[in-house]
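Residue numbers (the numbering used here): 225 to 500.
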């Protein structure tokens with residue numbers, strides 16, 4: 225017996241309930257996005273003060289120091305995301321297979337807390353431990369060996385699961401058919417985990433790419449990053465009147481973030497289909 229079709233009144237009520245969310249999204253995201261888009265393609269004549277539309281800002285954002293900063297942010301995000309994905313997989317496997325439930329719960333609780341620990345507090349924590357006068361730096365004499373937290377690789381360390389979905393029966397079936405541990409991971413576990421791993425890698429990339437406060441507090445402008453260039457352009461620290469170029473740089477970041485989400489969404493759906 226087929227179910228009755230939803231009543232039009234229920235559909236109207238459901239659509240009406242979404243209105244506050246749509247209004248909030250339009251005010252908090254839509255208007256700033258339109259303002260950024262308009263500013264990125266707008267230039268002001270220094271003589272007359274008249275504004276006109278142009279692609280000069282976007283072209284400038286992809287040249288010289290701005291292009292170097294954009295490439296630096298992509299490199300930082302890619303390296304830190306790759307390191308985080310590999311180390312995260314190994315640590316997650318160790319926690320999931322641990323016999324002590326308390327260890328697993330402690331790691332999950334710590335992960336939930338530390339996931340929101342960023343910005344200036346995160347920078348201060350690393351400066352206090354791995355900075356020039358940090359506890360670990362002084363104890364291990366890292367400065368004498370060329371270590372510097374205030375560098376590209378220092379930021380990589382600073383910016384640094386789905387294993388529960390693996391069925392125990394899959395491993396047992398592989399073992400019963402004579403598969404080695406390597407064959408199990410190569411032909412069963414990694415193909416199943418691949419969408420989740422790649423999705424996590426993409427999210428790590430996006431998070432590191434958009435980070436600002438931690439980098440600003442640690443390295444200032446010594447490491448070329450696009451977020452730091454935007455701040456300098458808006459404040460006029462380097463050149464005056466570069467606000468629209470900063471908006472063009474922001475548009476570049478939005479396009480990169482859009483590509484990240486385009487890649488992430490299919491991976492998330494495929495992961496949910498395998499692991500649910």
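Just so it is clear, CB atoms sit at the ideal spot from N, CA and C, and this is done for glycine as well.
Keep in mind the model is a prediction, meaning the values are calculated, not measured.
In the DSSP annotation of this structure, the continuous segment of the alpha helix (DSSP H) that includes residue 363 starts and ends at 359 to 364. Just measuring C-alpha positions, the residue of 283, 430, 349, 308 sitting nearest residue 469 is 283.
Between residue 309 and residue 421 the beta-carbon gap is near 6 Å, inside 8 Å, which marks them as a contact. Inclusion of residue 453 and residue 242 in the CB contact set at 8 Å is not warranted, their separation being larger than that value. Under the three-state reduction of DSSP, residue 367 is assigned to helix. Assigned with DSSP and collapsed to three states, residue 283 falls in helix. Between residue 477 and residue 450, the C-beta gap is smaller than 8 Å, which places the two residues in contact. Per the C-alpha coordinates, the member of 276, 261, 305 positioned closest to residue 268 is 276. DSSP places residue 375 in the coil class of the three-state scheme, outside both helix and strand. In the DSSP annotation of this structure, the continuous segment of the beta strand (DSSP E) that includes residue 267 starts and ends at 266 to 268.
The Cβ atoms of residue 471 and residue 263 sit closer than 8 Å to each other. One alpha carbon belongs to residue 374, the other to residue 306, and they sit about 20 Å apart. Cβ-Cβ distances below 8 Å link residue 257 to 478 in the same chain, with the five nearest sequence neighbours on each side left out; the list follows chain order. By the Cβ neighbour-count rule, residue 369 is exposed, with fewer than 16 other Cβ atoms within 10 Å of its own.
Secondary structure note for residue 277: its beta strand (DSSP E) is the uninterrupted segment 275 to 277. Comparing alpha carbon positions, the residue from 367, 349, 378, 455 closest to residue 443 is 378.
In this structure, residue 313 keeps its C-beta atom at 8 Å or more from the C-beta atom of residue 475.
Here residue 317 carries a helix assignment [DSSP, helix/strand/coil].
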